[in-house]
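The next block holds one structure in the form of structure tokens; read it before the comments.
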Ligand SMILES: [Zn+2]
């Protein structure tokens, strides 16, 4: 009898020890937790160990499993979602935006000129002034700024101001002179345009590849500056609730820096890099041991952007019949690169905005797939970045070819103001066609294209479901029927980006066994009104099982 009691006691003790050893590292409780799993109700609590989710359920049940070392976070009635991932952003540019002259809020050419004049006064003599983020869509002058506008306030140093879409710049005469392009252009660059006035002289506006001439004005940043820029960018992302970013057009030389920073715990953001096409052979593909940084994709460009009329169209622009846009990619070298990417299992992320641009990318991808021996296209998961204006017959090709449309809802609510004048009502039927693409079976990887757009998960989620501008307005050609449902919008920023980065087994939903990446907001974005979505606050960001951001407590 005694022997038996001892045995039972030993078992109980063993059980206790086991429980201590298996106690979670972290329990988030007392909230409404949307798991992202179809047709299942939210849970109250989730527990995490070793970076992975070990259980979901009621607060009472999960808190019972806590050990003495378990970190307990009371969500206090707030809301938790699978980690939001920005499937198209430029992390370096986001960091740069934090430090360069920000022109996002400029409301007219007059204001632009006055801000530039003031900013130049703060710089040492001769130092170039660089600004970014202007967008003329709503300006009363209803035209692009010119070099003369800028010359009027700054003529003694180069001024270069990048348009919000990153596909155009306006430069003053000093900048054009320094770049050797201030005279009448003898020819136009391939895939770019130096805009000229009636006398044939440059207006200062440089579109797409024409911007390359200004590269001589830039000084290369130091390694320390690069690191600081990435740290700033990552810190901003996690404070907004992003747990991951698919970073586009990354310089190959930056990848070792990003890996090192991540390994040193200085980023705390999951990063999926698509490197610049010109760096394909630099040997930077791979991932960090903890898989926080993965470099497995290459970014290519077929055309430019719609606003600056660089997007490649099948027929001329409705508001400028002399142009159909720009083709940036060259067929032969690009197809060769695509074949190489296919053979090395590197994902192609191909920028295409106009209907012709998208058609060509789909054609070139199809040709690459057809030429491959293994025909394993399903697992290639190649992507079209933006996929903005589509011929109706191309919509179904995404699902058929297993090509992922990577789209940015905020682009739609910005572009739809001018999209109709650019392409007319007929072509807009396939514009920003989220509903049609999803109904045709495509999984849309949702992104923001920050710093082109603000890069705020609330704005992207709102734009996807409301398809109205931030004031709640829309126009007759905005096609509200193309909006996404709340459930679809959640997928666009969670499980579909996970799929688009080959991580759906580990990321994208809150379920046992997956990695613990969570985004917390103060409000229930699955239920509240559209307008209220913009007012929720990011409350907590968890990446790889670690609380990397927490909303500061209100001052007492
Ligand atoms: Zn982009």
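Residue numbers (the numbering used here): 1134 to 1689.
Note that beta-carbon positions come from the ideal geometry of N, C-alpha and C, so glycine has one too.
Remember, predicted model here, so these are calculated numbers, not experimental data.
Rounding to the nearest angstrom, what Cα-Cα distance links residue i and residue j in this structure?
i	j	result
residue 1671	residue 1580	17 Å
residue 1411	residue 1169	38 Å
residue 1373	residue 1589	6 Å
residue 1675	residue 1650	5 Å
residue 1461	residue 1254	37 Å
residue 1599	residue 1193	37 Å
residue 1238	residue 1246	13 Å
residue 1602	residue 1586	13 Å
residue 1139	residue 1185	Low local confidence applies: a pLDDT of 49 at residue 1139 is under 50, so the model's placement there is unreliable, with the coordinate-based value given in what follows. The straight-line gap from Cα to Cα measures roughly 36 Å.
residue 1584	residue 1420	25 Å
residue 1611	residue 1203	50 Å
residue 1342	residue 1459	9 Å
residue 1484	residue 1156	46 Å
residue 1680	residue 1661	26 Å
residue 1150	residue 1196	Low confidence applies here, because residue 1150 scores a pLDDT of 44, under 50, leaving its location unreliable; read the following figure in that light. Distance between the alpha carbons of residue 1150 and residue 1196 is about 17 Å.
residue 1553	residue 1323	27 Å
residue 1333	residue 1306	15 Å
residue 1644	residue 1388	31 Å
residue 1147	residue 1664	Because residue 1147 sits at a pLDDT of 44, beneath the cut-off of 50, its placement in the model cannot be relied upon, and the point is left open.
When we look at the beta-carbon of residue i and count the other beta-carbons within 10 Å, is it buried (16 or more) or exposed?
i	result
residue 1492	buried
residue 1271	exposed
residue 1352	exposed
residue 1326	buried
residue 1555	buried
residue 1213	buried
residue 1467	buried
residue 1313	exposed
residue 1677	buried
residue 1187	buried
residue 1527	buried
residue 1355	exposed
residue 1444	buried
residue 1376	buried
residue 1382	buried
residue 1596	buried
Is residue i helix, strand or coil when you go by DSSP?
i	result
residue 1675	strand
residue 1379	strand
residue 1124	The displayed coordinates of the chain run from 1134 to 1689. Any statement about residue 1124 would go beyond what the structure contains.
residue 1358	helix
residue 1253	helix
residue 1568	helix
residue 1479	coil
residue 1292	strand
residue 1367	helix
residue 1283	helix
residue 1554	helix
residue 1431	strand
residue 1579	strand
residue 1307	helix
residue 1272	coil
residue 1446	coil
residue 1264	strand
residue 1403	strand
residue 1534	helix
residue 1138	The predicted model places residue 1138 with a pLDDT of 46, which falls under 50 and marks its position as unreliable, so this point remains unresolved.
residue 1409	strand
residue 1387	helix
Do you know whose CA, among the options, lies nearest residue i's CA?
i	options	result
residue 1558	1660, 1619, 1277 and 1608	1608
residue 1479	1635, 1199 and 1221	1635
residue 1453	1465, 1439 and 1234	1439
residue 1335	1318, 1504, 1347 and 1342	1318
residue 1216	1673, 1436 and 1528	1673
residue 1613	1578, 1568, 1645 and 1641	1568
residue 1211	1456, 1667, 1657 and 1668	1657
residue 1402	1263, 1425, 1459 and 1513	1425
residue 1358	1332, 1578, 1563 and 1228	1228
residue 1183	1648, 1230 and 1428	1648
residue 1497	1310, 1507 and 1516	1516
residue 1328	1310, 1362, 1280 and 1668	1280
residue 1520	1575, 1162, 1643 and 1396	1575
residue 1415	1309, 1385, 1337 and 1654	1385
residue 1278	1684, 1249 and 1644	1249
residue 1345	1299, 1471 and 1668	1299
residue 1547	1297, 1446 and 1473	1297
residue 1337	1361, 1362 and 1311	1311
Can you check whether the C-beta of residue i is within less than 8 Å of a C-beta belonging to chain C?
i	result
residue 1658	Any reference to chain C falls outside this structure, which holds one protein chain only.
Nearest-residue set for ligand 1, Cβ under 6 Å from any heavy atom: Per the CB criterion, closer than 6 Å to any heavy atom of ligand 1, the qualifying residues run in chain order as 1221, 1223, 1381, 1582 and 1585.
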